[in-house]
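Report on the structure given below.
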Amino acid sequence: MKKIILYTASLLLLVTTSCNLDYFPSDALTPEQLSKDPGGAIYITDGNYSMFKDEYEYKGLYASGNTYIRHYMQMTEYPSDNVTLSGRTTDPLYEAAVYRTNSTLKNVSTVWWLGYKIILGANSVIENVQDGASVESDHIKGENYFLRAITHLHLVTLYAKPYSYGRDNQGIILRTSTNTIESSFSTVGEVYDQIVEDLQNAIALMSKGTRRGNAGYVSKEAAQGLLSRVYLYMEKNQEVVDLVTNEMLNGASPESKLEPTATYPSYFANALSSKETLWAIAHTSLETKGQSSIASMYINDGMGWGEVLSSDPLNNLYDRYPQDVRYTSYVIPKFDSNESVMMISWPVESSGGDDFRSNELRDVEYNAVSKKYFFKEGSQDISVETEIVNGYPLHFIIWNGSKYHVRLTRKMQNRNSFPLYYISKFSYQDGDPMLSSPVMLRWGEVLLNRAEAYAKLGKETEALADVNVIRQRAGLSGDALFTTHNIKERGYGSALDVVLDERRLELAFEGHRMFDLYRNKKDMDRRFAGVQPWEIVKYDDSKIQYPIPFDETSVK
């Protein structure tokens, strides 16, 4: 029988071998011990799950908030055009938001370090649990193939160029065993090939078993869902369609896989029990991180900093159909107590340098004769005008000889001149504003993966049908749905553009936007108020990928 050596995930130690971020297992379960403790593989696997959420001290740096998932969500979402950081901060999330990362930052190093700890823990189970011993042991091994796959995917998408830029670009270190002596970098193509193989193994091993509990554990369907994302990133569009249609749906309607419209407003607070969730990083009420949670930067409700807000361009996109449940439920405007006062806001360059843009805020009055809102600038009345662009109304003013598009709303509370549009996708599990189980995979994404694949295969009708399923779940109907006849008049050049906007609306704040634009070789327009430079980030700009940590490159 193959020797079984299982390593306790909590005792994987950092050592200097070929590089500072390699590890060796410090504690082993012998075959004899394993025979007395057949739950050893489960114990280690549960430890692997925990490493996504537990706080760790790294190189003597503070542990509060130093978690894989917090850093990952900030590193993927903050460089996007979905959110705006309303002031400078010494937290390394600032560098992520402004694309000024370097190889010694805590977030850059910690995600890499913890990622390889998770991979090593998964390898210890994969290497030493025999195939076919039981349905249960196969399922456990399959879970670890999934965990190894998703962690490699996170690392290769953060620290390397997108697959669509070429298979031969430098990727990351590929770890498929507990031997950590070798530390050569694999190509992007080699990493993706291994991820596909791992997910196929995960699917096969978990096919006869069932998920061990709530959506905090992975299953065959979770592995299939992740594989649909990987195929999409690899531009294997027919494989995406076949996988989702024939294997995942297998005759079921797409609507049947989604959280219903009526309960979607509370979906993220109850993600662990929802049929839509394929995998979430489970947190219990005892694991709330308070001021160090993901939610803390997005909301201030009793606690929380509330410094990262929904961006103007995203809000403008939602405003086309303000009854959208995704908008009314997860973007929370903090209005002034006086309900009768209206205001406008627009970005202007501040004296802070570095292209920092704050907002001009003006209370406006309504002129019953002109039927327009206005404010006074000295002796002059500045009217809020309206124009129709691509079928949607936009407000603007002419101020100091220049035209500015403005947002017209009820008067709002603000921070540093930024109207407070809080974000609640990571809040209110068990009623705690700082607690959630972050969703990493769900059916809403899977259907949009298929929609994008259909669009790239030239099947626009099918692509828009999937988009409309998502929009109908968001409470939209009638003219708010898309057809091949109306997308042009709404300013879209193709069904793919529709799909990408729908991915932005549906998956906002979940860590997809940056990847969705850049892998499709589309630039990102960040010309809105915030600490970030006023710029269009080109898809081939080298700064869009995070640097390999200094600790990895400096010791060889």
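Counted from 1, the sequence shown has number 381 at position 382 by numbering that gives the first Met the number 0; the numbering is strictly sequential.
Beta carbons: idealized from backbone N, C-alpha and C, even for Gly.
Since the model is a prediction, treat every value here as computed from it, not as a measurement.
Straight-line spacing of the CA atoms in Ala222 and Ser336 works out to 48 Å.
Residue pairing from DSSP places Gly529 in a beta bridge opposite Arg356.
Fully contained in the stretch 38-91 are the following beta strand (DSSP E) runs of length 3 or more, in chain order: 82-84.
The three-state secondary structure of Thr262, taken from DSSP, is helix. In the DSSP assignment, Met439 falls within the unbroken beta strand (DSSP E) covering 438-441. A direct Cα-to-Cα measurement between Asp192 and Asp167 gives close to 12 Å. Rounded to whole angstroms, the Cβ separation of Glu142 and Ser176 is 18 Å, and the two are not in contact under 8 Å. DSSP links Ser382 through a beta bridge to Phe373. With respect to the 7 Å criterion, Leu242 and Ser227 are classified as neighbours on the basis of their beta carbons. Taking 8 Å as the upper bound for CB-CB distance, Ser309 and Val330 are in contact here, some 5 Å apart. Distance between Glu376 and Ile543, taken at the CA atoms: about 41 Å. If you look at Leu225, you'll find it in the alpha helix (DSSP H) that goes 219-232. Of the candidates Met72, Gly46, Phe334, the residue whose Cα lies closest to the Cα of Met411 is Phe334.
Scanning the stretch 249-296 from its first residue to its last, the whole beta strand (DSSP E) runs of 3-plus residues come out as 276-279.
Here the alpha carbon of Arg147 sits roughly 30 Å from the alpha carbon of Tyr427. Beyond the five residues adjoining it in sequence on each side, His394 comes within less than 6 Å, by CB distance, of Val383, Thr385, Val405, Leu407 in the same chain, given in chain order. Considering only Val110, Ala95, Thr66, the residue with the shortest C-alpha distance to Glu551 is Val110. In this chain, the alpha helix (DSSP H) harbouring Arg503 covers 494-505.
Beta-bridge analysis with DSSP links Lys402 to Ile397. Thr186 has Gln169 as its beta-bridge partners, per DSSP. The way I'd put it, the stretch 281-288 doesn't touch the stretch 495-502; fewer than three beta-carbon pairs between them come closer than 8 Å. Assigned with DSSP and collapsed to three states, Gln322 falls in coil, not helix or strand. Short of 8 Å from the beta carbon of Lys537, and not among the five residues preceding or following it, lie these beta carbons of its own chain, in chain order: Asp522. With contacts defined as CB atoms closer than 7 Å, Arg449 and Val128 fail to qualify as a contacting pair.
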